[in-house]
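*Asks:* If you scroll down you'll find the structure; I have some questions about it.
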């Protein structure tokens with residue numbers, strides 16, 4: 001299946017092109033917030049411009065008062081992706097797949113009671129998004145913590161392969177709230193400075209807001225003149241700890257093995273790691289990549305540009321991985337200077353170029369879950 | 384598509400527990416029912432007491448499915464855990480939100496993710512396979528059946544624990560099935576969504 005439309009809506013811009021350009025020119029959306037509402041210490045985060053969001057949402061024909069900010073971001077992201085795809089989202093062969101870790105959780109803060117406010121339920125949010133586009137199919141909602149964006153693409157791939165649907169709108173979104181920020185602070189996972197993925201001096205992650213969408217269409221590769229297709233996806237568990245990553249990178253290693261089972265690592269242009277910039281996560285991924293024999297492949301991480309965008313991350317970072325693979329470039333890892341010496345990894349800190357045809361996206365999350373996606377560039381041989 | 388079989392079903396609510404439709408007798412004590420069931424099953428796994436309601440339900444249902452299985456603790460990658468839920472982790476979300484007034488609780492925060500129940504089952508039984516949670520408005524047999532079939536279609540799985548895990552603070556239920564690609568003596572074929580309708584109805 002190939003993407004026929006995509007969108008990234010983040011602190012760095014409201015289109016994939018804007019975000020891709022920003023990343024290529026080395027800009028970050030991370031900002032220092034001396035006083036984030038309700039949070040007792042300064043934080044570094046990447047936030048969507050809410051005024052621009054509402055202006056764009058109104059301009060696209062939506063009524064901001066009818067939707068929560070999170071719903072507006074998701075709806076706008078899908079609207080932009082659909083313009084590019086040029087398909088009728090209301091068609092019965094189109095399926096919506098929704099990814100979010102906490103949805104409208106900020107409503108709890110405002111006094112909403114779960115029993116009475118249906119907007120707190122992820123299926124409700126997903127249903128509102130699908131109905132906005134007059135799509136009558138029950139959306140698929142995945143909720144696997146930080147790997148949800150990869151799981152949503154895997155669910156889409158399986159649904160398209162099963163035959164009932166021809167297109168899948170995969171949309172991921174999370175916005176920041178006191179709920180989420182205080183949780184990560186309580187876990188001591190946040191860095192007080194801009195994050196430094198894979199750097200030996202990394203000391204935690206930054207959180208970020210984003211909505212991102214990929215519209216996939218089922219096609220036979222030979223029928224597609226160009227593009228990048230999602231060819232494999234796997235989810236594996238560490239079976240080790242509910243919040244700490246495995247010391248042996250068990251689930252991550254097994255997910256990598258599963259997606260490479262029928263593919264040669266020689267074709268790998270680069271690997272876009274989860275790379276949250278916490279000491280444990282990046283170490284765990286390094287061990288998994290080393291065990292899988294992939295430690296000499298170029299590796300990048302994109303959280304230095306966007307922070308960790310939670311349920312959107314797997315989709316946002318896949319879009320940039322697809323773009324880069326298409327253009328034969330390897331994006332730099334913002335915030336990385338020097339890596340751990342005991343486990344060397346080929347982390348990129350400047351723009352690279354490649355002729356190779358495959359790229360891997362890795363994700364890991366709470367609950368010991370890990371995912372890997374394999375993308376492949378469709379190459380045309382002169383006949 | 385390989386045929387699938389259901390070897391066992393287990394249902395744990397906040398008041399009763401059943402395996403293949405047969406109620407497990409649990410003597411009422413001053414403990415909450417789930418704790419009484421844990422003791423009745425003779426499980427020695429102190430992590431249980433740290434779990435939230437959703438995870439306790441799912442964990443106990445998985446214990447009933449693996450009951451008496453000598454090979455259950457052998458590490459394996461060919462068994463998936465697939466849970467469907469309506470209310471997700473909202474009960475713990477509310478409790479975490481309340482904790483924010485004093486000191487946000489990191490241990491509660493981790494349980495504000497609905498996939499932790501799949502992790503608890505994976506950790507207990509050394510299951511390295513896929514763990515997935517899907518959120519749906521209702522117990523929708525068609526979507527659940529389709530998702531289970533899809534999961535088996537794309538990887539070399541031999542088995543899965545799959546079903547409905549739901550907890551809203553007062554009431555809850557975990558209805559899990561042990562699904563396998565090999566027929567066993569008492570297993571029933573999982574041919575259509577109809578099986579899922581009947582299985583839950585008969586509980």
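Chains as they are written, first to last, in our numbering: chain P, 1 to 383; chain S, 384 to 586. C-beta: ideal position from N, C-alpha, C; glycine also.
(1) Measuring only between beta-carbons, confirm whether residue 483(S) sits less than 8 angstroms from chain P.
(2) So which residues on chain S does residue 236(P) lean against when the C-beta distance must stay under 9 angstroms?
(3) Decide if residue 505(S) is buried, meaning its Cβ has at least 16 other Cβ atoms within 10 Å, or exposed.
(4) What number of angstroms, rounded off, separates the C-alpha of residue 438(S) from the C-alpha of residue 35(P)?
(5) Does the CB of residue 279(P) have a neighbour CB from chain S at under 8 angstroms?
(6) Three or more beta-carbon pairs under 8 angstroms between the stretch 282-300 of chain P and the stretch 173-192 of chain P, yes or no?
(7) Identify, in the order they occur along the chain, each residue of the same chain with its Cβ nearer than 6 angstroms to the Cβ of residue 267(P), setting aside the five sequence neighbours on each side.
(8) Quick check: what's the CA-CA separation for residue 94(P) versus residue 167(P)?
(9) Using DSSP's beta-bridge definition, name the partner residues of residue 317(P).
(10) Select from the stretch 301-329 of chain P all residues with a C-beta closer than 8 angstroms to any C-beta belonging to chain S, and list them in chain order.
(11) Along the beta strand (DSSP E) that carries residue 388(S), what are the first and last residues, could you check?
(12) Give the DSSP-derived three-state secondary structure of residue 518(S) in the structure shown.
(13) Which whole runs of the beta strand (DSSP E) in the stretch 113-165 of chain P are 3 residues long or more, in chain order?
(14) Since residue 73(P) and residue 208(P) are thought to touch, with beta carbons under 8 angstroms apart, how far apart are those beta carbons, to the nearest angstrom?
(15) When you compare only the Cα positions, how much space is there between residue 382(P) and residue 221(P)?
(16) Would a C-beta distance cut-off of 8 angstroms place residue 524(S) and residue 448(S) closer than the cut-off?
(17) Measure the alpha-carbon distance for residue 396(S) versus residue 507(S) and round it to whole angstroms.
(18) By the 10 Å Cβ neighbour count, where 16 or more other Cβ atoms means buried, how is residue 6(P) classified, buried or exposed?
(19) Beta-carbon of residue 143(P) versus every beta-carbon of chain S: anything under 8 angstroms?
(20) Using DSSP bridges, identify the partner residues of residue 210(P).
(21) Starting from the beta carbon of residue 452(S), find every residue of chain P whose beta carbon is closer than 8 angstroms, and list them in chain order.
(22) Just checking, does the stretch 365-376 of chain P make contact with the stretch 567-577 of chain S on the three C-beta pairs under 8 angstroms criterion?
(23) In terms of alpha-carbon separation, which member of 409(S), 388(S) and 514(S) lies closest to residue 440(P)?
(24) Pull out every residue of the stretch 428-453 of chain S whose Cβ sits closer than 7 angstroms to any Cβ of chain P, in chain order.
(25) Using a Cβ-Cβ cut-off of 8 angstroms, state whether residue 582(S) counts as contacting chain P.
(26) In terms of DSSP beta bridges, what is residue 572(S) paired with?
(27) How far does the beta strand (DSSP E) with residue 257(P) in it extend, from its first residue to its last?
(28) Could you round the C-beta distance between residue 544(S) and residue 445(S) to whole angstroms and report it? I think they count as a contact, below 8 angstroms.
(29) DSSP on residue 352(P), reduced to helix/strand/coil?
(30) What distance in whole Å lies between the Cβ atoms of residue 142(P) and residue 517(S), which are believed to be in contact at a cut-off of 8 angstroms?
(31) Are the C-beta of residue 495(S) and some C-beta of chain P separated by less than 8 angstroms?
(32) With distances taken between CB atoms, is the gap from residue 479(S) to residue 488(S) smaller than 8 angstroms?
(33) Name the chain P residues that come within less than 8 angstroms of residue 457(S), Cβ to Cβ?
(34) Can you have a look at residue 157(P) and say buried or exposed, based on whether 16 or more other CB atoms are within 10 angstroms of its CB?
(35) Let me know the secondary structure DSSP gives residue 185(P) once reduced to three states.
(36) Please state whether DSSP places residue 300(P) in a helix, a strand or coil.
*Replies:* Put simply:
(1) The sequence position of residue 483(S) within the second chain is 100, counting from 1. Interface residue, yes.
(2) Translated into the one-based positions of the first chain, residue 236(P) becomes position 236. Those are 460, 511, 512, 513 and 514, listed as they occur along chain S.
(3) Looking up residue 505(S) in the second chain gives position 122. Burial call: buried.
(4) Numbered from its first residue, the second chain carries residue 438(S) at position 55. Numbered from its first residue, the first chain carries residue 35(P) at position 35. Residue 438(S) and residue 35(P): Cα-Cα distance of roughly 36 angstroms.
(5) Against the first chain, residue 279(P) aligns to sequence position 279. By this cut-off, residue 279(P) is not an interface position.
(6) no
(7) In the first chain, residue 267(P) corresponds to position 267, counting from 1. These residues qualify, in order along the chain: 356, 357 and 358.
(8) By one-based count along the first chain, residue 94(P) stands at place 94. By one-based count along the first chain, residue 167(P) stands at place 167. In a straight line, the C-alpha of residue 94(P) is about 5 angstroms away from that of residue 167(P).
(9) As a working mapping, residue 317(P) is identified with position 317 in the first chain. Partner(s): none; residue 317(P) has no beta bridge.
(10) none
(11) Residue mapping note: residue 388(S) aligns to position 5 of the second chain, counting from 1. Note, residue 388(S): beta strand (DSSP E), 388-396.
(12) For the purposes of this step, residue 518(S) is taken as the residue at position 135 of the second chain. Strand, per DSSP.
(13) 140-142
(14) For this step, residue 73(P) is matched to residue 73 along the first chain. For this step, residue 208(P) is matched to residue 208 along the first chain. The Cβ separation is near 12 angstroms, so there is no contact.
(15) Here residue 382(P) is taken as the residue at index 382 of the first chain, counted from 1. Here residue 221(P) is taken as the residue at index 221 of the first chain, counted from 1. Confidence in residue 382(P) is poor, its pLDDT being 45 and thus under 50, which makes the residue's placement unreliable; the coordinate value appears in the next sentence. So the two alpha carbons sit approximately 15 angstroms from each other.
(16) Numbered from 1 along the second chain, position 141 holds the residue referred to as residue 524(S). Numbered from 1 along the second chain, position 65 holds the residue referred to as residue 448(S). Not in contact: residue 524(S) and residue 448(S) (Cβ atoms no closer than 8 angstroms).
(17) Start at 1 with the first residue of the second chain, and residue 396(S) comes out as number 13. Start at 1 with the first residue of the second chain, and residue 507(S) comes out as number 124. So the two alpha carbons sit approximately 20 angstroms from each other.
(18) Here the question's residue 6(P) lines up with position 6 in the first chain. By the 10 Å Cβ count, residue 6(P) comes out buried.
(19) For the purposes of this step, residue 143(P) is identified with residue 143 of the first chain, where counting begins at 1. Taking Cβ atoms only, chain S reaches closer than 8 angstroms to residue 143(P), which makes this a yes.
(20) Numbered from its first residue, the first chain carries residue 210(P) at position 210. DSSP output for residue 210(P) lists 10(P) and 174(P) as bridge partner(s).
(21) On the second chain, residue 452(S) is found 69 positions in, with the first residue counted as 1. Neighbours of residue 452(S) on chain P: none; closest Cβ ~17 angstroms, over 8 angstroms.
(22) no
(23) Missing from the structure shown is residue 440(P); chain P here goes from 1 to 383 and no further.
(24) none
(25) Counting from one through the second chain, the residue named residue 582(S) turns up at place 199. So no, residue 582(S) is outside the interface.
(26) One-based indexing of the second chain puts residue 572(S) at position 189. DSSP output for residue 572(S) lists 388(S) as bridge partner(s).
(27) Here residue 257(P) refers to the residue found at position 257 of the first chain. Run containing residue 257(P): none in the beta strand (DSSP E); it sits in the alpha helix (DSSP H), 250-260.
(28) Within the second chain, residue 544(S) is the residue found at index 161, counting from 1. Within the second chain, residue 445(S) is the residue found at index 62, counting from 1. So it is a contact: roughly 6 angstroms between Cβ atoms.
(29) What you label residue 352(P) is simply residue 352 of the first chain in a count that begins at 1. In this structure, residue 352(P) counts as strand in the three-state DSSP scheme.
(30) Mapped onto the second chain, residue 517(S) falls at position 134. Mapped onto the first chain, residue 142(P) falls at position 142. So it is a contact: roughly 6 angstroms between Cβ atoms.
(31) In the second chain, counting from the first residue as 1, residue 495(S) sits at position 112. Chain P contact via Cβ: present.
(32) The sequence position of residue 479(S) within the second chain is 96, counting from 1. The sequence position of residue 488(S) within the second chain is 105, counting from 1. Yes, Cβ-Cβ distance for residue 479(S) and residue 488(S) is below 8 angstroms.
(33) If you number the second chain from 1, residue 457(S) lands on position 74. The premise fails here: residue 457(S) is roughly 12 angstroms from chain P at the closest Cβ pair, so nothing lies under 8 angstroms.
(34) Residue 157(P) sits at position 157 when you count from the first residue of the first chain. Flag for residue 157(P) reads buried.
(35) Sequence index remark: in the first chain, residue 185(P) carries index 185 (1-based). Three-state DSSP puts residue 185(P) in a helix.
(36) Within the first chain, numbered from 1, the residue matching residue 300(P) stands at position 300. Three-state result, residue 300(P): strand.
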